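Engineer: The structure is given below, and queries will be raised subsequently.
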Amino acid sequence: MRKTSIPKRVLALLLSAAIFASIGVATIVDAAAKAANTVDLTVGTVEGTKGQEVQIPVTMNAKDNEVGSFDATINYDPEQLELVHNDRGEPKVIFGSTVNANAISNSPSPGILMLSGGSLYGITDETIFTVSFVVKEGASGNCPISLSDVFVSDNTQQANELETKLISGGVNVSVPLNSISLSQTSLDLAKGESSKLDVIYNPDNTTDDKTVEWSTGDDTVATVSKDGTVQAVGKGTTTITAKVGEKTATCNVTVSVPLQSISLNQDKLTLDKGENSQLTVSALPEDTTDTNPYSWTSDNQSVATVNQNGLVTAVGQGTATITVSRGDKTASCEVVVSAPLESISIQPTLELLKKQTAALTITYNPENTTDDKTAVWSSSDDKIATVDQNGVVTAVAPGKATITAKVGKHEAACTVTVKEQPLNSIALNKQEMTLDKGKTESLTVTYNPEDTTDDKTVVWSTSDSNVATVKNGVVTAVGVGKATITATVGEKQAKCEVTVTSPLDHITIPSTAKVNKGETTSLSVSYFPEDTTDSKDVVWTSSNSAVASVKDGVVTGHMAGTAVITANVGGKQASCTVTVEVPLQYVSIAGIEEYTTMSRGESLQLGVNYYPQDTTANKAVRWTSSDESVVKIDENGKMTAVGGGEAVVNVVSDYAVGKNPTVKEYRVKVIVPLESISLVPAELTLEVGDTSTTELNYFPVDFTVSDTMKYSIDIEDPNVVSVARDGDKFTVKALSQGSTSFTVTVDEKYQATCTVQVLQPIQSISLNKTELSLLKGGSETLTVNIDPPNADGDKSVVWSSSDETIATVNNGVVTGLKAGTAKITAAVGKHTATCTVTVQEIKIESVTLDKTELSLDKGDTAELTATVNPENTTDDKTVLWSTSDPNVALVNSNGVVTAVGGGTAKITAKAGDKSAECTVTVEIPLGSIALSQTTASLISGRDTTLVVRFNPEDTTADKTVLWSTSDPSVVTVSNGVVTAVGKGKATVTARVGSLSATCEFTVIEASDKIPAQTVIDQLKDESVDEVVVNLTQPDVVTKEIFEAAKGIDKNITFNIVDESGSILYSWSFNGKDVKDVSKDVDLAIEVGAENDAITSLVGDERALILSFAHKGELPVNMSVRVFVGDHFADGQPLWYYTYNPETSSLELVSSELTVEDHFIELSLTSCSDLVFSAKEVKDPEPGESSTPSNSGSSSQGSGSHGDTPKTGEVTTVALMAAAMACALGAAFVMYTRKKHED
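Mapping of the sequence shown onto mature numbering (1 follows the signal peptide of the UniProt record, and there is no 0): residues -31 to -1, 1 to 1207, in sequence order.
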């Protein structure tokens, strides 16, 4: 085999490893070596059309391998591709010049072609065969062609298989575009609506460029976006055109302006009956295309009517709603018809007794008048009669008075006469009454005559307040006895005799009592009230005299139980439940003997004996065990044997009154039987002659040991092992190779088994050859013989060479590298064997190229083929390619030359110390041109310079530029200098030969001051839809402008532009939103302002600060657009904060602000410093600062930002630098070694 060298691609991989140092240099070198030994088979990819014959090349890159032959199957889709046959009916296959023998097998089925080739001596990277196909009519897209069942062998007698890498290819079938159409050919849209048009391609699978150019015939009617969305702008018709290449399709668009609303000049009318009023209606928008007529209606024609011209007539008093409608839009006006008051009246006379009252009522004419009905009442003499504002008359003294009611200008009167009535006598409703103490009863006074006009005030009194009291006629019984109640009215009196009694209400005795059997207890009676005059004699009874008896309140207990003792006093009863108890003396265990034997795990339920048996005491007991590891008793008396040994158990009562609560002790013995045995370890592996031990384990470990236990041993194969017992240990000796087991039996019941594997070790090894001769690059396989052949254990072989620069060995395959002698050693465990290898060489004599001169255009490629002589050289036949000028031509490791720049270069092919050269000449045609700008804005009178960029820059073609402008009244151009002449748009074109490039210019007018009067005039001019002012420097919007704009529905925009006319930032507002006209607004904004206090809070050097010259509230909600350039990427979401200088803190406004077309847009009601960051600002810990520690951070306003490594990044950079140095060092050492070997 050839000597292995270090190709450039390995060096490149080593250098790349410095970047990916964390992966490991060794992994990359190993991958590169593996890739270098792989044979690449590549199916070419070609372009084709339907019906065309195409040739598909298959190339082989042998790399460092010497290929002897190959077999392969070509797979293709017979529905899309048809295999071409020659005149002999054979598949049209052309083999390469290096394929000296070939064969084509008959295809077993369509879509499969089997090929083989041999004698591929000297192949490197070239086409080994080409297959012809015809593209079928049904083909489309990519028609894949792949290889399978590939076998590539090396150029040795063994024909060893080489590892292959298969790369598929095929035919890309192009399908031309025939026509296009749109998803809709007509659209009816309302102003402001939109609809998306889709392009339909014919055929749909065309491979032509599907880029669509959209245009509109009239952008005042409808516009169209890049994605085909049509936006209705104004009423009218237009045509939307889609263009794909040279194909077009159109859609007719009709835009209507629907009626949005209608309104009336008044929403409420107040009329007198018979009056008229004219209503007028307005439509919005005024230019609506709606053709529906107006219709007028009244919901109450008895109140008001309306004609179809909007004239309203008041018919009768009340309310009606007048409605006008147009289509589904309506507007209404409320109409109120009034009825005036003509007169009022009240009753003419009224007679009252002194202190009497009466209400007067007003009668209105007409009753349904809509005038104010509020009345003002008055009396001609308040000393005779008064009147309140509700018309209620009160008689004060005898005589006459006139009561007058006045409503508006109308009056009515009533003559009131007042008379008196004296009191003759009074009487009470009762002259006698009897009350229980604490009770009450009311007395009432009767007047004679009842309608007396004298004072009726009653004065109440009692003859004895300790017996009875009186208040407002209510008599309260206080104490036992008699008292007289007197009512006095003026000089008149009436009396009532009151008798107060105190009856027995109830009695009580204790509700419960306890007494022991044979003992007594006393009960006492309580009387309520205590001062009762009723009898206090008590009658005692018992509900169960057998349990308890009673006499004079003394209760005697006779037997356990309960009895109810009742006391009766004059029908009033009270009861006491008496419980008779029997005390407990002692307890004992029931259910076991004093001496008991149990097995572990056994349970017994224990009982309790109580003395005496009829005790009424609490029968709860406690169970005890002297050793719970032996016996446990639960709270219910269940006794369980848990472990071997003895324990004393007992039962105890905490409620026994005797001196000895328990009288006996009970002893329990627990026995633990043996359950199983085991040998540990249960498996042994020994070599012949070795010994080992295993030990017998018992379960449970605390079983009750017997002195009569018996042991026996049973060996399955006594020829393999012998076993000897020493107590619980068993010694095993390996006698011969094999597997067996032995079993230990205890008490003829319990068994444990141990399996034993006895191995035969290796005694020695040898090789099939002790001497070997090889050519450099040749190889031969050594085999190892093991003695004895049936030996057990690891038989893997470790191979080594005494000098790997002369010969290497891999899995026994010895390869010669250079002339010399080396020893190959095979090791199996501790055993080794050697073979002496002698290697011989055949040197390279010369290298030749198939071409000595090449002429290429820049970007073209050509392949050079190098031949190394003699073919059977044992030197490394790898060809190293190089170029004398990489700026002119490059060459890869396969000899493919790429023209990269104009000039001449020499391509050198070198194998060993032999080389050959080819002179390459490169021409560079001009491919295209472009301008430094494609769109630009300019202020009138300013200029800018366009620069032509040539592609490629180093073209040798003529670079003369011809300049032109589409409208010299807008811009002029000379040698690339464009001057803005007048407002408008124009296109500047640069031509170089047949190539051209354009830039569209927009010229605007701008000034350094706001033309205030012009702005005010445009605000008043109804023909101006929007006011736009371009400023070359920020100015102040005065309160006069805000005052002029207030209430006007018109947008006003102030653009601050740079010298080229590009907008830096803008302010916009609508006049109808203006609230305050008392302040000016300074438009100046500092973009990228520096503020140390804010910077320390943000901690993000990419954050952007905006500082406004205006501070505080704005007179109107204003929209501000600010150009941020490339400071933030388009579509990037931003965190948006305001800075509060009073609290030195940031306040979040939004986390969803997005950059669009390099602008951010804000809606502001007031101005303060603003901060924008691509990440959330975190509050710093107390005592810390979020300002970066490095002092070299750049100003945010400059647009230049440096990135300071974060914690941990310096270590990563250092490690990567170290890895790069190691890789470069390794590359240098290997390159030096290669150069030395050459």
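For every residue, glycine included, the Cβ atom is placed at its ideal position computed from N, Cα and C.
Quick caveat, the model's predicted, so the values are computed rather than measured.
Residues in the same chain with beta-carbon distance under 8 Å from residue 941, minus the five sequence neighbours each way, listed in chain order, please.
Structural biologist: Counting only Cβ-Cβ distances below 8 Å, and skipping sequence neighbours, we find 934, 947, 948 and 950.
Engineer: Can you tell me which of the three DSSP states residue 31 falls into?
Structural biologist: Coil at residue 31, not helix or strand.
Engineer: Compare the beta carbon distance of residue 182 and residue 216 with 7 Å and say whether it is the shorter of the two.
Structural biologist: Contact: no.
Engineer: Around the C-beta of residue 597, are 16 or more other C-beta atoms found within 10 angstroms, so that it is buried, or is it exposed?
Structural biologist: Burial call: exposed.
Engineer: Taking residue 1077 as part of the beta strand (DSSP E), name the residues at either end of that continuous run.
Structural biologist: Element bounds for residue 1077: 1073 to 1077.
Engineer: What are the partner residues of residue 1131, as DSSP defines its beta bridges?
Structural biologist: Its beta-bridge partners are 1089.
Engineer: How is the beta strand (DSSP E) around residue 984 delimited, first residue to last?
Structural biologist: Element bounds for residue 984: not the beta strand (DSSP E) but the alpha helix (DSSP H), 981 to 989.
Engineer: I need the boundaries of the beta strand (DSSP E) containing residue 131, first residue and last residue.
Structural biologist: Per DSSP, residue 131 belongs to no beta strand (DSSP E) and is neither H nor E.
Engineer: Among all the DSSP beta bridges, which residues are the ones paired with residue 54?
Structural biologist: Looking at the DSSP assignment, residue 54 forms a beta bridge with 60.
Engineer: Buried or exposed: where does residue 1144 fall if 16 or more other Cβ atoms within 10 Å of its Cβ makes it buried?
Structural biologist: Flag for residue 1144 reads exposed.
Engineer: Decide if residue 92 is buried, meaning its Cβ has at least 16 other Cβ atoms within 10 Å, or exposed.
Structural biologist: Counting Cβ neighbours within 10 Å, residue 92 comes out buried, since at least 16 surround it.
Engineer: The beta strand (DSSP E) that contains residue 825, what's its start and end?
Structural biologist: Segment 822 to 826, the beta strand (DSSP E) holding residue 825.
Engineer: Is the stretch 821 to 839 touching the stretch 888 to 906 in the sense that three or more CB pairs, one from each, lie closer than 8 Å?
Structural biologist: Touching, yes, given that three or more Cβ pairs across the two stretches are closer than 8 Å.
Engineer: Who are the Cβ neighbours of residue 654 in its own chain at under 6 Å, not counting the five residues just before and after it?
Structural biologist: Closer than 6 Å at Cβ, skipping near neighbours: 726.
Engineer: Distance check for residue 560 and residue 668, CA to CA, integer angstroms please.
Structural biologist: Going from the Cα of residue 668 to the Cα of residue 560 covers about 32 Å.
Engineer: Sort 112, 524, 483 and 476 by Cα distance to residue 499 and report the nearest one.
Structural biologist: Of the listed residues, the one whose Cα sits closest to residue 499 is 476.
Engineer: Look up residue 295 in the DSSP assignment and give the residues it is bridged to.
Structural biologist: BP columns for residue 295 point to 298.
Engineer: Report the CB separation of residue 835 from residue 871 in whole angstroms; it is logged as a contact under 8 Å.
Structural biologist: Between residue 871 and residue 835 the Cβ distance is about 26 Å, and since that is not below 8 Å, they are no contact.
Engineer: I'd like the span of the beta strand (DSSP E) that includes residue 756, first residue to last.
Structural biologist: That run of the beta strand (DSSP E) goes 753 to 756.
Engineer: In the DSSP assignment, find the alpha helix (DSSP H) that holds residue 1011 and state where it starts and stops.
Structural biologist: Its alpha helix (DSSP H) spans residues 1008 to 1014.
Engineer: Just how far apart, CA to CA, sit residue 579 and residue 480?
Structural biologist: Between residue 579 and residue 480, the C-alpha separation is close to 31 Å.
Engineer: Given a cut-off of 7 Å, decide if residue 392 and residue 413 are closer than it, judged by their beta-carbon atoms.
Structural biologist: Against a cut-off of 7 Å, the Cβ pair of residue 392 and residue 413 comes out as no contact.
Engineer: Quick one, which of 1098, 1142, 1008 and 1134 has its alpha-carbon nearest residue 1068's?
Structural biologist: For residue 1068, the nearest C-alpha among the options comes from 1142.
Engineer: Exposed or buried, what is residue 280 when buried is set at 16 or more other beta-carbons lying within 10 Å of its beta-carbon?
Structural biologist: Residue 280 is exposed by the Cβ-count criterion.
Engineer: Can you have a look at residue 492 and say buried or exposed, based on whether 16 or more other CB atoms are within 10 angstroms of its CB?
Structural biologist: That one is buried.
Engineer: Let me make sure I understand the geometry here. Which of 683, 688, 678 and 690 has the alpha-carbon closest to that of residue 696?
Structural biologist: Nearest option by C-alpha distance: 678.
Engineer: Whose C-alpha, out of 557, 488 and 558, is nearest the C-alpha of residue 528?
Structural biologist: Per the Cα distances, 488.
Engineer: Compute the Euclidean distance between the alpha carbons of residue 928 and residue 974, then round it to the nearest angstrom.
Structural biologist: Using only the alpha carbons, I get a separation of about 35 Å.
Engineer: Between the alpha carbons of residue 144 and residue 125, how many angstroms are there, rounded?
Structural biologist: Straight-line Cα distance between these residues: approximately 49 Å.
Engineer: Taking the Cβ atom as the reference point for each residue, do residue 749 and residue 713 lie within a distance shorter than 7 Å?
Structural biologist: No; because the gap between Cβ atoms is not below 7 Å, this pair is not in contact.
Engineer: Could you pull out every residue in the same chain whose Cβ sits closer than 7 Å to the Cβ of residue 235, ignoring the five residues on either side in sequence?
Structural biologist: Within the same chain, residue 235 has close Cβ partners 248 and 302.
Engineer: Checking the sheet assignment: what are the DSSP bridge partners for residue 102?
Structural biologist: In the DSSP output, where bridge partners are listed per residue, residue 102 has 23 and 52.
Engineer: So, do the stretch 112 to 129 and the stretch 29 to 41 have three or more beta carbon pairs nearer to each other than 8 Å?
Structural biologist: Cβ pair count under 8 Å is three or more, so yes.
Engineer: Measure the Cβ-Cβ separation of residue 776 and residue 762 and say whether it is below 7 Å.
Structural biologist: Result no, Cβ atoms of residue 776 and residue 762 do not sit closer than 7 Å.
Engineer: Per DSSP, residue 379 is paired with what?
Structural biologist: DSSP lists 376 as partners of residue 379.
Engineer: Opposite residue 1054 in the DSSP bridges: which residues?
Structural biologist: Looking at the DSSP assignment, residue 1054 forms a beta bridge with 1077.
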